[in-house]
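Chains as they are written, first to last, in the numbering used here: chain A, 146 to 430; chain B, 132 to 352.
Don't be surprised by glycine CBs; every beta carbon is placed ideally from N, CA and C.
Have a look at the structure below before the remarks.
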């Protein structure tokens with residue numbers, strides 16, 4: 146019992162965690178959606194007289210190396226990073242679900258070929274593959290989205306395929322076939338609805354991951370153009386001042402990346418425990 | 132009507148479950164197939180329902196030689212055979228209401244307009260109230276769900292009905308009710324029946340003739 150208690154946080158702890166995550170995600174979503182249109186402030190406004198000011202009342206997060214307000218930059222950066230993360234995760238999920246469902250539903254040699262391609266792709270480090278893809282385009286939002294989406298559908302395809310394989314052999318699929326349902330109808334009406342919760346969960350879990358990838362690519366100078374505020378770009382441009390002892394341009398964008406993504410992952414984890422209660426007993430082992 | 136000739140089938144070619152089995156069901160006839168658990172009755176029933184491709188042997192249905200199973204079989208042939216499975220829980224899509232469950236074959240074959248009329252006709256026949264029709268499988272009993280599965284098997288008016296241990300999970304009164312529904316449908320439509328099970332008393336009373344699995348090699352079925 147003692148081991149179980151250690152392995153699983155109590156119900157209250159979990160609830161606190163979920164509520165905290167939900168509050169953070171809501172605040173972040175509001176900030177990102179409401180602040181830019183309401184606040185008529187120019188996030189690009191350069192103020193060389195006040196460059197690298199430490200946090201103060203006028204600039205709660207301080208200013209960067211050309212005097213731009215860091216709080217505003219962080220909000221705009223999070224907006225871009227969230228957009229990239231959401232679109233990339235959704236695209237990856239759609240690709241992965243389609244490929245996984247087709248492979249699982251067709252079976253036989255089609256399944257074998259698709260899964261070998263998936264194996265081959267997953268043997269390449271996906272950040273490296275992502276760098277290769279962005280390097281082919283001019284810096285911008287879309288190349289980053291394409292790069293993250295094309296390197297992240299693989300796990301979703303695996304999950305969806307195995308779910309489809311297990312659903313495919315159920316008698317209710319036999320009943321549908323016997324009732325005259327076409328291949329497409331069996332997939333769309335009976336197999337896909339069964340895997341959508343899993344695919345949706347995979348999509349939400351992927352958003353934070355995709356945001357980290359966007360930041361990594363931007364940090365390496367391959368992602369978004371340098372003038373565009375994204376969390377990766379902010380951390381990247383703060384590197385120089387960090388060596389001079391100015392900690393705020395690195396710390397705040399870093400927190401803006403870590404806290405919302407952890408909150409999002411916390412919510413997704415709670416959802417996973419809801420739709421997949423088996424995991425609980427597995428964790429207790 | 133249905134002719135299975137030296138069928139060999141299973142899930143591993145080196146170790147088939149069904150070896151060279153022959154079985155005939157003539158038009159309008161009710162045949163009971165008796166056998167112990169795990170002998171391959173259900174596999175043979177799936178072959179006959181065009182749901183499992185045999186490794187060897189030939190099959191004709193209504194004079195047509197079958198060349199493909201599952202989606203490789205033409206839709207008209209697949210829907211000519213109605214199937215009721217042993218476990219209603221597993222043979223019902225958990226997301227559909229009983230009404231939708233019964234309507235699925237009509238929707239699959241592009242006869243959506245017939246749905247209200249056919250469901251209204253079949254539901255009282257199998258003993259399902261309007262209130263039950265709106266429920267989903269998790270909210271009804273095995274017996275109620277099996278009634279819906281029988282209605283689904285009958286909704287396209289099949290010429291052959293295959294009941295694979297249809298009543299194995301049910302109590303005596305539900306069994307009697309479902310058998311009565313099948314018999315009423317057969318009397319009115321002249322459909323043939325292949326009933327698979329291990330309840331000898333039931334099958335002998337229900338069917339015109341019964342075939343025992345262990346005799347099938349010696350006896351010319």
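Residues bridged to residue i (per DSSP)
| i | result |
| --- | --- |
| residue 327 (chain B) | B:164 and B:295 |
| residue 343 (chain B) | B:165 |
| residue 214 (chain A) | A:208 |
| residue 140 (chain B) | B:149 |
| residue 187 (chain B) | B:139 |
| residue 208 (chain B) | Residue 208 (chain B) is not bridged to any residue. |
| residue 195 (chain B) | B:192 |
Where residue i falls: helix, strand or coil (DSSP)
| i | result |
| --- | --- |
| residue 260 (chain B) | coil |
| residue 153 (chain B) | strand |
| residue 349 (chain B) | Because residue 349 (chain B) carries a pLDDT of 40, less than 50, the predicted location of this residue cannot be relied on, and no value is offered for it. |
| residue 213 (chain B) | strand |
| residue 133 (chain B) | strand |
| residue 406 (chain A) | helix |
| residue 265 (chain B) | coil |
| residue 158 (chain A) | helix |
| residue 354 (chain A) | helix |
| residue 425 (chain A) | Residue placement at residue 425 (chain A) is flagged as unreliable, the pLDDT there being 46, under the threshold of 50; a coordinate-derived value is accordingly withheld. |
| residue 202 (chain A) | coil |
| residue 236 (chain A) | helix |
| residue 325 (chain A) | coil |
| residue 315 (chain A) | coil |
| residue 180 (chain B) | coil |
| residue 228 (chain B) | coil |
| residue 242 (chain B) | coil |
| residue 271 (chain A) | helix |
| residue 196 (chain A) | coil |
| residue 284 (chain B) | helix |
| residue 384 (chain A) | helix |
| residue 147 (chain A) | Bear in mind that a pLDDT of 46 at residue 147 (chain A), under 50, signals an unreliable position, so the number given afterwards is only what the model happens to contain. Residue 147 (chain A): helix per DSSP, three-state reduction. |
Rounded C-alpha distance that separates residue i from residue j
| i | j | result |
| --- | --- | --- |
| residue 285 (chain B) | residue 217 (chain B) | 16 angstroms |
| residue 290 (chain B) | residue 175 (chain B) | 18 angstroms |
| residue 179 (chain B) | residue 277 (chain A) | 54 angstroms |
| residue 265 (chain B) | residue 369 (chain A) | 53 angstroms |
| residue 222 (chain B) | residue 313 (chain B) | 18 angstroms |
| residue 248 (chain A) | residue 260 (chain A) | 8 angstroms |
| residue 363 (chain A) | residue 383 (chain A) | 13 angstroms |
| residue 315 (chain A) | residue 334 (chain A) | 14 angstroms |
| residue 204 (chain A) | residue 241 (chain A) | 44 angstroms |
| residue 380 (chain A) | residue 398 (chain A) | 6 angstroms |
| residue 251 (chain B) | residue 320 (chain B) | 18 angstroms |
| residue 350 (chain B) | residue 153 (chain B) | Confidence at residue 350 (chain B) is low in this model, with a pLDDT of 44, below 50, so its placement is unreliable and no value can be given for it. |
| residue 227 (chain A) | residue 219 (chain A) | 12 angstroms |
| residue 133 (chain B) | residue 307 (chain A) | 36 angstroms |
| residue 254 (chain A) | residue 263 (chain A) | 14 angstroms |
| residue 189 (chain B) | residue 344 (chain B) | 19 angstroms |
| residue 135 (chain B) | residue 149 (chain B) | 12 angstroms |
Contact check, residue i vs residue j, beta carbons under 8 angstroms
| i | j | result |
| --- | --- | --- |
| residue 317 (chain B) | residue 161 (chain B) | yes |
| residue 245 (chain A) | residue 309 (chain A) | yes |
| residue 171 (chain B) | residue 341 (chain B) | no |
| residue 280 (chain A) | residue 400 (chain A) | no |
| residue 325 (chain A) | residue 236 (chain B) | yes |
| residue 211 (chain A) | residue 191 (chain A) | yes |
| residue 413 (chain A) | residue 349 (chain A) | yes |
| residue 230 (chain B) | residue 273 (chain B) | no |
| residue 184 (chain B) | residue 200 (chain B) | yes |
| residue 394 (chain A) | residue 209 (chain A) | yes |
| residue 351 (chain A) | residue 271 (chain A) | no |
| residue 378 (chain A) | residue 371 (chain A) | yes |
| residue 312 (chain A) | residue 341 (chain A) | no |
| residue 234 (chain B) | residue 257 (chain B) | no |
| residue 238 (chain A) | residue 290 (chain A) | no |
| residue 233 (chain A) | residue 355 (chain A) | yes |
| residue 266 (chain A) | residue 299 (chain A) | yes |
From the options, residue whose alpha carbon lies closest to that of residue i
| i | options | result |
| --- | --- | --- |
| residue 201 (chain A) | A:229, A:214, A:260 and A:236 | A:214 |
| residue 403 (chain A) | A:157, A:266 and A:173 | A:173 |
| residue 165 (chain B) | B:295, B:229 and B:319 | B:295 |
| residue 142 (chain B) | B:173, B:134 and B:154 | B:173 |
| residue 329 (chain B) | B:145, B:211, B:299 and B:283 | B:299 |
| residue 357 (chain A) | A:317, A:328, A:265 and A:231 | A:231 |
| residue 293 (chain A) | A:275, A:300, A:304 and A:299 | A:275 |
| residue 191 (chain B) | B:156, B:263 and B:241 | B:156 |
| residue 238 (chain B) | A:353, A:415, A:331 and A:266 | A:331 |
| residue 139 (chain B) | B:151, B:145, B:339 and B:132 | B:151 |
| residue 292 (chain B) | B:322, B:158, B:136 and B:276 | B:322 |
| residue 324 (chain B) | B:338, B:267 and B:332 | B:338 |
| residue 347 (chain A) | A:301, A:376, A:409 and A:374 | A:301 |
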